[in-house]
Amino acid sequence: MSRVVLVTGGAGFIGSHTCKRLAAAGILPVVFDNLSTGHRTNVRWGPLVEGGLEDTGRIVEAIQTFRPECLIHFAASAYVGESVEDPGKYYRNNVAGSVSLLEACRQAGLNRIVFSSTCATYGVPPRLPITEDTVQLPVNPYGRTKLMIELMLGDYARAYGFRSVALRYFNAAGADPEGQLTERHDPETHLIPRALLAAAGRVDRLDVFGDDYATPDGTCIRDYIHVVDLAEAHVAAVDYLRDGGDPLKANLGSGRGTSVRQVIDAIHQVTRRRVPVQLLPRRAGDPPVLYADTTWARRTLGFRPQLSDIETIIKTAAPGFGLEVRS
Ligand SMILES: O=c1ccn([C@@H]2O[C@H](COP(=O)(O)OP(=O)(O)O[C@H]3OC[C@@H](O)[C@H](O)[C@H]3O)[C@@H](O)[C@H]2O)c(=O)[nH]1
Numbered sequence: 011m012s013r014v015v016l017v018t019g020g021a022g023f024i025g026s027h028t029c030k031r032l033a034a035a036g037i038l039p040v041v042f043d044n045l046s047t048g049h050r051t052n053v054r055w056g057p058l059v060e061g062g063l064e065d066t067g068r069i070v071e072a073i074q075t076f077r078p079e080c081l082i083h084f085a086a087s088a089y090v091g092e093s094v095e096d097p098g099k100y101y102r103n104n105v106a107g108s109v110s111l112l113e114a115c116r117q118a119g120l121n122r123i124v125f126s127s128t129c130a131t132y133g134v135p136p137r138l139p140i141t142e143d144t145v146q147l148p149v150n151p152y153g154r155t156k157l158m159i160e161l162m163l164g165d166y167a168r169a170y171g172f173r174s175v176a177l178r179y180f181n182a183a184g185a186d187p188e189g190q191l192t193e194r195h196d197p198e199t200h201l202i203p204r205a206l207l208a209a210a211g212r213v214d215r216l217d218v219f220g221d222d223y224a225t226p227d228g229t230c231i232r233d234y235i236h237v238v239d240l241a242e243a244h245v246a247a248v249d250y251l252r253d254g255g256d257p258l259k260a261n262l263g264s265g266r267g268t269s270v271r272q273v274i275d276a277i278h279q280v281t282r283r284r285v286p287v288q289l290l291p292r293r294a295g296d297p298p299v300l301y302a303d304t305t306w307a308r309r310t311l312g313f314r315p316q317l318s319d320i321e322t323i324i325k326t327a328a329p330g331f332g333l334e335v336r337s
């Protein structure tokens, strides 16, 4: 393979799925990961360089050895709740870590970057669906750190000629349909894996955070996007930068909203297992409804989600939790 991409956080959930798609597109993914939350067994499509974002020497050496055309930067702390309790960890790992990484890239002459951003940078949006020009007012430290890195990339573009694509993911879910990769977070806090754990009897029940929202069934609405559709968008972003594309910010979602209750119902449909639930009060900081307008990603990256209907998301995720797919 003559094309190479350096992938920080390539041992994690979205990073590893992206490495698989990069390899399928003929691009060698070189993973740079400190394995603090990622898994060594997720690194299957290229070499692993073990290190942290602050290990400037190791990053420079990896760039000089492998000569990547682009960096994809996933490595980050990514729990909203933890970011409220321990913001220092988030500013250190995400913001300071990214400054260090960008400086290493500058030193080694790598200036194309695809960055893992998030819909959490929008906070509670004033209108729906969310377009890229929606005001970014994050409501938690996690979202603020991601917004700061987006802003940093803009400054690095102006001053040093960096070219970047910031991909703002909505709710990543699902798993590799071929079963080579699964979602493995510890602790697991996200809705779909928590609900599947409950359906499989591995946790007692799913806590549902509020059913008194102003939505049709009272539960929160989110835009679930299949991790393989996200992975394809990263490959498209690498090509976009290779072809001279201008700096870009793009939403990646399905463009559809699904409520917590609809997720629970879909799990029952697909697995014939009931999700035992316990109704709790609202979780602090949860916006009632979030879903993306993805027109811009379509136009610039040719983004066309193929697997992001809720049944397919659950069908691909369920086996990783020991559940059979029955419909
Ligand atoms: O156990 C749970 C978990 C989640 N939920 C609800 O399910 C919905 C989705 O919650 P998740 O925790 O899966 O995800 P969030 O919508 O909070 O997204 C967050 O986490 C993933 C990040 O990448 C996003 O950027 C961030 O905003 C919310 O409405 C939440 O209240 C439950 O009812 N019970």
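Here my numbering is used: the first residue of the sequence shown is 11, the next is one more, and so on.
Where is the CB? At the ideal position from N, CA and C, for every residue including glycine.
Secondary-structure assignment with DSSP links E60 through a beta bridge to D43.
Around the beta carbon of E193, 16 or more other beta carbons lie within 10 angstroms, which makes this residue buried. Short of 7 Å from the beta carbon of I320, and not among the five residues preceding or following it, lie these beta carbons of its own chain, in chain order: Y234, T268, Q272, V273 and A276. Under DSSP, L177 forms a beta bridge with S126 and A260. Rounded to the nearest angstrom, the Cβ distance from F76 to V14 is 5 Å, consistent with a contact under 8 Å. When C-alpha distances from A35 are compared across P291, A247, R173 and F42, the shortest belongs to A247.
Put simply, of S87, Y250, V213 and T310 the residue whose alpha carbon is nearest the alpha carbon of R284 is V213.
When C-beta atoms of the region 61-80 are compared with those of the region 115-127, three or more pairs fall below 8 Å, so the two segments count as touching.
Distances from the CA of A114 to each of T281, A182 and E64 were compared; the closest alpha carbon is that of E64. By the C-beta criterion, the region 146-166 is judged not to be in contact with the region 198-210, since fewer than 3 inter-stretch pairs fall below 8 Å.
In the displayed model, F23 falls within a helix according to three-state DSSP.
Counting along the chain, no beta strand (DSSP E) covers V134, and no H or E run does either. L32 is not a Cβ neighbour of V53, given a cutoff of 9 Å.
Around the beta carbon of T304, 16 or more other beta carbons sit within 10 angstroms, so the residue counts as buried. DSSP places T322 in the uninterrupted alpha helix (DSSP H) bounded by I320 to A327. In this structure, H236 has its beta carbon at no less than 8 Å from each heavy atom of ligand 1. The nearest non-hydrogen atom of ligand 1 is 8 Å or more from the C-beta of N52. When secondary structure is reduced to three states using DSSP, F331 falls in the helix class. S93 sits in a helix when the DSSP states are folded into three classes. Per the coordinates, the alpha-carbon of L216 lies some 39 Å from the alpha-carbon of T310. For Y234, the beta-bridge partners assigned by DSSP are N181. Within the chosen limit of 8 Å, ligand 1 reaches the beta carbon of H200 through at least one heavy atom. Between D221 and A302, the alpha-carbon positions lie close to 22 Å from each other. In the structure shown, R292 adopts coil according to DSSP, grouped into three states. Shown here, S269 sits in a strand according to DSSP, grouped into three states. In this structure, the straight-line span from the alpha carbon of S318 to that of A106 is close to 34 Å. In the three-state DSSP reduction, D253 falls in the coil class, being neither helix nor strand.
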